[in-house]
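Engineer: Questions regarding the structure given below will be posed in turn.
Number of protein chains: 2
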Amino acid sequence: MSSSLSNRLSHIFSHLNSERLKIVVTRDLGPDVMTILYSESAKYEIVLWPGKNACDRKWLLDNVRDALALIVLVTDRIDAEVLDAAGSQLKVVSTMSVGYEHISVPDLAKRNIRLGYTPDVLTDAVADISIMLALMAGRLAKETTLFVSEGNWPTYSWAPFAFCGSQISATPSSPKRTAGFLGFGRIAQATLRRLLGFGFTHCVYTSNPFSKPSPERDSELLSSFGAPLHSLKRVSLDELASESDVLFVLTPGGDETKGLINEAFLKKMKKTAVLVNSSRGTVVDSDALAKALKEGWIWGAGLDVIAGEPNVAGDHALVREPRCVVLPHIGSATVQTRLDMATLAVQNALAALNDQDMPASVNVTL
Amino acid sequence: MSSSLSNRLSHIFSHLNSERLKIVVTRDLGPDVMTILYSESAKYEIVLWPGKNACDRKWLLDNVRDALALIVLVTDRIDAEVLDAAGSQLKVVSTMSVGYEHISVPDLAKRNIRLGYTPDVLTDAVADISIMLALMAGRLAKETTLFVSEGNWPTYSWAPFAFCGSQISATPSSPKRTAGFLGFGRIAQATLRRLLGFGFTHCVYTSNPFSKPSPERDSELLSSFGAPLHSLKRVSLDELASESDVLFVLTPGGDETKGLINEAFLKKMKKTAVLVNSSRGTVVDSDALAKALKEGWIWGAGLDVIAGEPNVAGDHALVREPRCVVLPHIGSATVQTRLDMATLAVQNALAALNDQDMPASVNVTL
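Listed in order, the protein sequences are those of chains W and R.
For the first sequence, UniProt numbering assigns the number 1 to the initial residue and increments by one for each residue that follows.
For the second sequence, UniProt numbering assigns the number 1 to the initial residue and increments by one for each residue that follows.
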């Protein structure tokens, strides 16, 4: 028996004699999901951070001791200090998020702790917000809603080209539309599926430069979208910039994608094109985008994420730009999706506690 | 030869002797479209209102005299006074709009003047704005963009259910979605086509109560939308209210539809449902809607039109309602669509001048 396993067992047996095994949860996940957890109360003690805001670090360090499972959010930094405070019996960290930048994966690996996360369930919600941002940027939603809320409508004189946007959808007189994707995973494909109803006929994408191009996969994907889509192909960044009518940034963050959307890229885009970022703020160079919008290199932009968030003040150049819609990172924020994410986070934790396959886990081997 | 025809001919011949035949245009339609008109300058004198705002009534009455064709906008009231000022040689009034409430059709009929309008070309632009409004209302776009622009993001503490919207699209755990339409013409059908990519599975609609229900037509329509749509049926107003996840008002205005969306209707809707009006403001009772939003009978609303517009001040109850997005009637406002509308208005006028079939005309027989 390995010493780590024997440590773990002795911890468990000491608990069985004294108190129930502990699941620590760093935020109230709402009545529907907490009910699932509390239904396990006979077996596990549920220890819940009582606050409404992010879990206090000191509370976590104090309460994580002897926990078997830890259910966390993006607001919790899970590092060696937390894991050491927990003790070697900790079996699983389960985060209610698709990203896990807040968790030190090597430190989990060293301790044989499993990691659960919540991909896929947010695909539809993020695809929805991507389409919403494309339409809002194209149709001048910021300028026009402000016009009404500031009380200017009564004095407005209708004119044939006033408030005219760039039309996202194809029309009988303008039947070709090209969707561009920087990153072409599940959310991008769900976004493309939505665009077909808007008459999009072509798709170009760029992918991880270290992955091999696969015309076979492209051809399979193309036929999965059916007749409305005429072509789907992997292209260079230059072609992505110049061919897209709407460009969706749906790629992971990090050093490899940092600032890929820069001045050079934006200058190659169509003047009527719209840029949407609903993945990671760092991919888009904010200064370059502000310049592009001010000087009319592109039509507009819709951002659910922005470099440096949440430290984005009201006078941030992009927040003040009339052609730029900025949302506070609400891509997955729907009641339905957040319930699915919370449920999956709980299911991941419970599966790991029962030594079963987790519905969605990250491989944390060293 | 009828006396009206002989009058007209004598007018025309007198003009041929003196000056070119006249086309009066009440607004600059932009360089692309005016070029089409000016290319007819050898045959016709083009008389254009020189202002940037709505055409002055006195200018119109003075200049319309002896015109053969009159190209107008929704800002021009075309009544007996204008038609009398024109003279009996006037062959056609062509409006750059799908609505023609600003034109006295009986007065045209009495004088055998043809009427051109611009339906269909705006279908896609209005369907786009309908989807945009549904997403904006569902995803709290007003509240969240304001949160950012007012500089609150830096102090925001992420929480699992903060800023959570009502999800428009279907998800694996919630796979049924019903689109409801009050009025089911071309724009409604184009909107439904877009919704299929969002996973909508069911469609209910109510139609002109004087038209006969046709299950055969419904069945044909259903198959035209393909496999993703499971059912499509005409229902009563009560069923429309209670079954719709998103309800689109896309019906003509006027007395027959005035206030159809009232307190009784809104009370029957789902609490998670969203209401979109992109047709005529009069169909929705504004006081009832404000009450419904304030008291949470429905999730949110997106309005491109509103009763009493453009006299809608910044302190209008619906403009101030956080869950209500209000746009200044920009449904057809895209560069592409407005160019198509202006082009069609010119084509209608030229066709009538050449005694040909007009691409899109209203039947004005008495």
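Every residue, glycine too, gets a C-beta built ideally from N, C-alpha and C.
This one's a predicted model, so the numbers in the text were calculated from it and none came from an experiment.
So, is residue 369 of chain R buried or exposed, given that buried needs 16 or more other C-beta atoms within 10 angstroms?
Structural biologist: As displayed, chain R neither begins before 1 nor continues past 366, which places residue 369 of chain R out of reach and without an answer.
Engineer: Which value, in whole angstroms, describes the spacing of the CA atoms of L303 of chain W and S97 of chain W?
Structural biologist: Each residue's alpha carbon lies about 20 Å from the other.
Engineer: Taking 8 Å as the threshold (C-beta atoms), are V204 of chain R and L249 of chain R in contact?
Structural biologist: Note on identity: in this sequence residue 249 of chain R is Val, with Leu being the wrong assignment. No.
Engineer: Got a sec: does the ligand FAD put a non-hydrogen atom nearer than 7 Å to the Cβ of L303 of chain R?
Structural biologist: Of the ligands one can find in the structure shown there are none, so the ligand FAD has no counterpart to examine.
Engineer: Which residues, in chain order, does the stretch 332-343 of chain W contribute to contact with chain R at a C-beta distance below 7 Å?
Structural biologist: Those would be A333, T334, V335, Q336, T337, R338, D340 and A342, in chain order.
Engineer: Buried or exposed, going by whether 16 or more other CB atoms sit within 10 Å of the CB of N277 of chain W?
Structural biologist: Buried, since its Cβ has 16 or more Cβ neighbours within 10 Å.
Engineer: Near R27 of chain R, what residues of its chain come up, given a Cβ to Cβ distance below 7 Å and the 5 sequence neighbours on each side ignored?
Structural biologist: Only W49, C55 and L73 meet the Cβ criterion.
Engineer: Go to S231 of chain R, then tell me how far its beta strand (DSSP E) extends in each direction, as first and last residue.
Structural biologist: Taken as a continuous stretch (DSSP letters only), the beta strand (DSSP E) holding S231 of chain R covers S231 to R234.
Engineer: If you measure between the beta carbons of A190 of chain R and D124 of chain R, is that distance less than 8 Å?
Structural biologist: Cβ atoms of A190 of chain R and D124 of chain R: closer than 8 Å.
Engineer: Does the stretch 212-229 of chain R come into contact with the stretch 253-267 of chain R, if we say contact requires no fewer than three beta-carbon pairs (one atom in each stretch) closer than 8 Å?
Structural biologist: No: fewer than three Cβ pairs fall under 8 Å.
Engineer: Taking DSSP's pairing of strands, which residues face V246 of chain R in a bridge?
Structural biologist: Its beta-bridge partners are R:A179 and R:V274.
Engineer: What does Y156 of chain W reach in chain R if we use C-beta pairs closer than 8 Å?
Structural biologist: Within chain R, the residues near Y156 of chain W are P310 and P328.
Engineer: Is N17 of chain R helix, strand or coil by DSSP?
Structural biologist: At N17 of chain R, the pLDDT of 44 sits below 50, so the modelled position is not reliable; the number obtained from the coordinates is stated separately. Here N17 of chain R sits in helix by DSSP.
Engineer: Take R65 of chain R and list the residues in its own chain whose beta-carbon comes closer than 7 Å to its own, dropping the five residues that flank it on each side.
Structural biologist: Closer than 7 Å at Cβ, skipping near neighbours: A85, A86 and G87.
Engineer: Taking P154 of chain R as the reference, give the member of W:A273, W:L327 and W:N311 with the closest Cα.
Structural biologist: Minimum Cα distance to P154 of chain R is reached at W:N311.
Engineer: Starting from S94 of chain W, trace the beta strand (DSSP E) in both directions and tell me its first and last residue.
Structural biologist: Here the beta strand (DSSP E) through S94 of chain W covers V92 to T95.
Engineer: Give me the Cβ distance between M269 of chain W and A241 of chain W, rounded to the nearest whole Å; I'm assuming they're in contact under 8 Å.
Structural biologist: M269 of chain W to A241 of chain W, Cβ: 5 Å. Contact.
Engineer: Closer than 8 Å, CB to CB, is E45 of chain W near chain R or not?
Structural biologist: It does not; no Cβ of chain R falls within 8 Å.
Engineer: Expressed to the nearest angstrom, what Euclidean distance is found between the alpha-carbon atoms of G178 of chain R and T206 of chain W?
Structural biologist: The amino acid occupying residue 178 of chain R in the given sequence is Thr; Gly does not appear at that position. Roughly 35 Å separates the two Cα atoms.
Engineer: Excluding the 5 residues flanking S18 of chain W on each side, which residues of the same chain have their C-beta closer than 8 Å to its C-beta?
Structural biologist: Because S18 of chain W carries a pLDDT of 47, less than 50, the predicted location of this residue cannot be relied on, and the following value inherits that uncertainty. Correct list: empty, nothing qualifies.
Engineer: Any C-beta of chain W within less than 8 Å: which residues of the stretch 161-194 of chain R qualify?
Structural biologist: Those residues of the stretch 161-194 of chain R that come within reach of chain W (Cβ to Cβ, closer than 8 Å) are F161, A162, F163, C164, G165, S166, Q167, I168, S169, A170, T171, P172, S173, S174, R193 and R194.
Engineer: Give me the Cα-Cα distance between Y117 of chain R and L29 of chain W, rounded to the nearest whole angstrom.
Structural biologist: For Y117 of chain R and L29 of chain W, the distance between alpha carbons rounds to 56 Å.
Engineer: Could you work out which residues of chain R lie near S149 of chain W, taking near to mean beta carbons separated by less than 7 Å?
Structural biologist: What S149 of chain W touches in chain R: G314 and V319.
Engineer: By the 8 Å beta-carbon criterion, what residues does the stretch 42-76 of chain R contribute toward chain W?
Structural biologist: Of all residues in the stretch 42-76 of chain R, K52, N53, A54, L73, V74 and T75 have a Cβ within less than 8 Å of some Cβ in chain W.
Engineer: Quick one, are the C-beta atoms of A141 of chain W and S104 of chain W less than 8 Å apart?
Structural biologist: Contact: no.
Engineer: Please confirm if F198 of chain R has its CB atom under 8 Å from at least one CB of chain W.
Structural biologist: So yes, F198 of chain R belongs to the interface.
Engineer: Would you please verify whether the beta carbon of W153 of chain W is less than 8 Å from any beta carbon of chain R?
Structural biologist: So yes, W153 of chain W belongs to the interface.
Engineer: Using a cut-off of 9 Å between C-beta atoms, extract the partners of A290 of chain W located in chain R.
Structural biologist: Within chain R, no residue comes near A290 of chain W; the closest Cβ sits about 15 Å away, beyond 9 Å.
Engineer: Ends of the alpha helix (DSSP H) at L133 of chain W?
Structural biologist: It spans T123 to G138 - the alpha helix (DSSP H) in which L133 of chain W sits, taken as one unbroken run.
Engineer: Output the distance between the C-alpha atoms of K91 of chain W and W59 of chain W, rounded to the nearest integer angstrom.
Structural biologist: Those two C-alpha atoms are separated by around 20 Å.
Engineer: Within the 8 Å Cβ cut-off, does V98 of chain R reach chain W?
Structural biologist: No - not a single Cβ of chain W is within 8 Å of the one on V98 of chain R.
Engineer: Mind pulling the chain R residues with CB within less than 8 Å of G30 of chain W?
Structural biologist: Residues of chain R passing the Cβ test: P160 and F161.
Engineer: Less than 8 Å between the C-beta atoms of T145 of chain R and V325 of chain W, yes or no?
Structural biologist: Yes.
Engineer: Within the same chain, show all residues whose beta-carbon is closer than 6 Å to that of M358 of chain R, passing over the 5 residues directly before and after it, in chain order.
Structural biologist: Excluding sequence neighbours, M358 of chain R sits near G116, N348, A351 and A352.
Engineer: Confirm, please, whether the CB-CB distance from G180 of chain R to R139 of chain R is below 8 Å.
Structural biologist: In this structure, G180 of chain R does not lie closer than 8 Å to R139 of chain R by Cβ.
Engineer: Could you tell me whether the Cβ atoms of L61 of chain R and I23 of chain R are closer together than 8 Å?
Structural biologist: It is not a contact, given that the beta carbons lie outside the stated cut-off.
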